[in-house]
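A short worksheet on the structure shown next.
Numbering (mature numbering (1 follows the signal peptide of the UniProt record, and there is no 0)), first residue to last: -19 to -1, 1 to 628.
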């Protein structure tokens, strides 16, 4: 649930930057009463669109402002319209469009040297990357925005950037750092009398407490958020505080308070046309109805939440709604529906578990990159010190030679002193070189550990799928056995129902065995990859070896860059047969080939050419007693200069 609560805040954190709903009517009149196609109309269109946020009126106003700004060569208006479109699409969860518009706005603001709006772009980009699951890029943009806000000493943006970083740390499980950022932002806002900024930080602290299972503490922060937001005149932030308060009451088993607070929040969400957050309150109601013995009502709200969240692609709500629907259907004896919802729940549980691994890997990777940069700085500093000492030594030798020519009588004494000094300098230089070599060895070891982390993340993803299926199909089987027992004890036994239950049970057992075997194959493949090679050839199914290492390489890269997508196809020769090879050595060669192919298509995709779809194809063939293995991609290719060296 913590990811969903984080998603809810994406629209909250920017809602307070512009005026509230009471200003919409004057802004609309200002646009209507000034039809002249000049810069004044551009400014009024943008101001009106900022109030309407995610409505069709906002989109139309931003687009008109953008077109008019370009005709007038009004760069400031064009940049603000582009940024507004970036926020508009991000609020709606359309991250690709949000990324495109915000980056265009960022380039224009850099040309204008408008640092304040550059921070706003970095802030939006941070949330776009969070929404896409690219946590390393997200935190990088957040830190850049924080540094820029610190250089400008802008209290408002310092508060917001600290709040954003705090929420990011909650998502990746860095709770100590999250508290540090959120309390720092709260201190800034309190000192400046910024109640709206303080409300954002209270929201983040509530989210932090909720992520740690401290429901009462979370509820206290959300109530403080609502009070501060109301005093600041930000009713949108009040409404989302009600939504979170309803969830905390449901977690605490206070169902009367859940319905009372939640219904007020739902009514306000509907008035604001905030369709993105309605599925969350619906699934909260569904859980509350289920826990109070009303499975029929739980089905109604659960289905509404599921259908809406499937349209928006909010995985956490789909996961929670499917769980409630499976339990409610089972209580009503609708085992077909329960089985279907349980299967959906299992699929999204696996997806969210994988995302948790990626989130934590991103946090570790970002920490590793910071440590690596610090180590490189230290190495450069040591090299500079060594160079200065060598120059100093040379100067001393020159001075010694000149003095020796001038004062022949003291030559022996000076040579002795110079020799002693040289020995001490050489000894010190030797010690510093040893320290430098140790630091370099440490850097190499860290890089090896980073590579191991990528490989482990790929294996974790591959093995987690079958293990989750085994666990969840076992749970479903237990429920089916319970249902079968109840059916057999019924005075009016239904033979058809018992047959269906036995059929489902048999299917589940087959799937448990199938996914258990799949997990065993993955573990065996990992052990073979890690086992030291003896150099002896073994009869090996090359098709299976190619397929397993392709997936390991792909998921290892996905753990490092969750936004990476590629279509890979396999065309294996069914008559290939067993091939005598050294599996460990061929496996390492395959991983290297796949890594090069994925790198090539990533570089091509970065050029953002229209219609480009990254593709990697693996083919095996047996011809005239020889086996041919080919890995093809549609990436950037190998430069001609490098081809000459290879071929």
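The C-beta atom is built at its ideal place from N, Cα and C for all residues, glycine as well.
- Judged by DSSP in its simplified three-state form, residue 313 adopts coil rather than helix or strand.
- Contact between the stretch 523 to 530 and the stretch 552 to 572 is established, with three or more Cβ pairs separated by less than 8 Å.
- Per the coordinates, the alpha-carbon of residue 581 lies some 28 Å from the alpha-carbon of residue 522.
- In the structure shown, the three-state DSSP call for residue 235 is coil.
- Classified as exposed, residue 480 has fewer than 16 neighbouring CB atoms from the shown chains inside 10 Å of its CB.
- Of the residues 592, 241, 599 and 190, the one whose Cα lies closest to the Cα of residue 572 is 599.
- Residue environment analysis places residue 143 among the buried positions, since at least 16 neighbouring C-beta atoms fall within 10 angstroms of its C-beta.
- For residue 230, the CB contacts under 6 Å within the same chain, skipping 5 residues up- and downstream, are 238 and 239 in chain order.
- The Cβ neighbour count for residue 258, taken over all protein chains shown within 10 Å, is at least 16; the residue is labelled buried.
- Membership of residue 599 in any alpha helix (DSSP H) is not indicated; the residue belongs instead to the beta strand (DSSP E) covering 596 to 604.
- Contact annotation: residue 177 and residue 130 have beta-carbon atoms that are not nearer than 7 Å.
- Between residue 126 and residue 104, the gap from beta carbon to beta carbon is short of 7 Å.
- The alpha-carbon separation between residue 418 and residue 410 amounts to approximately 12 Å.
- Closest in C-alpha terms to residue 585, from the list 559, 110 and 614, comes 614.
- Per the Cβ contact rule, the stretch 85 to 95 is not in contact with the stretch 40 to 55 (fewer than 3 Cβ pairs under 8 Å).
- In the displayed model, residue 549 falls within a strand according to three-state DSSP.
- DSSP, read as helix, strand or coil, puts residue 612 in strand.
- Within its own chain, the residues whose Cβ lies closer than 7 Å to the Cβ of residue 327, once the five positions on either side in sequence are excluded, are 449, 450 and 453, listed in chain order.
- For residue 561, the uninterrupted beta strand (DSSP E) run begins and ends at 559 to 562, by DSSP.
- Residue 160 and residue 120 have their alpha carbons spaced roughly 16 Å apart.
- If you draw a straight line from the Cα of residue 545 to the Cα of residue 535, it is about 9 Å long.
- The beta carbon of residue 270 sits closer than 6 Å to the beta carbons of 278 and 279 from its chain, once the five residues preceding and following it are set aside; these are given in chain order.
- In the DSSP assignment, residue 140 falls outside any beta strand (DSSP E) and lies within the alpha helix (DSSP H) extending over 136 to 152.
- In the DSSP assignment, residue 24 falls within the unbroken alpha helix (DSSP H) covering 20 to 33.
- Boundaries of the beta strand (DSSP E) harbouring residue 521: 519 to 522, taken from the DSSP string.
- In its chain, beyond the 5 residues on either side, 287, 322, 325, 326 and 329 have a beta carbon closer than 7 Å to the beta carbon of residue 303.
- For the pair residue 29 and residue 42, the CB atoms are nearer than the 7 Å cut-off.
- The residue among 607, 611 and 542 with its C-alpha nearest the C-alpha of residue 553 is 611.
- Sequence-distant partners of residue 285 (beyond 5 residues in either direction) whose C-beta falls short of 7 Å from its own C-beta, in its chain, are 263.
- Your pair residue 207 and residue 223 checks out as a contact, with CB atoms roughly 7 Å apart and the cut at 8 Å.
- Sequence-distant Cβ neighbours of residue 465 in its own chain, meaning closer than 8 Å and more than five residues away, are 479, 482, 483 and 486.
- Assignment of residue 565 by DSSP, reduced to helix, strand and coil, places it in the helix class.
- Non-local beta-carbon contacts of residue 318 in its own chain, meaning distances under 6 Å to residues more than five positions away in sequence, involve 310 in chain order.
- In the three-state reduction of the DSSP assignment, residue 607 falls in the strand class, which pools E and B.
- For residue 227, the closest alpha carbon among the candidates 136, 209, 199 and 33 is that of 199.
- Following the DSSP letters along the chain, one finds residue 64 inside the alpha helix (DSSP H) bounded by residues 56 to 72.
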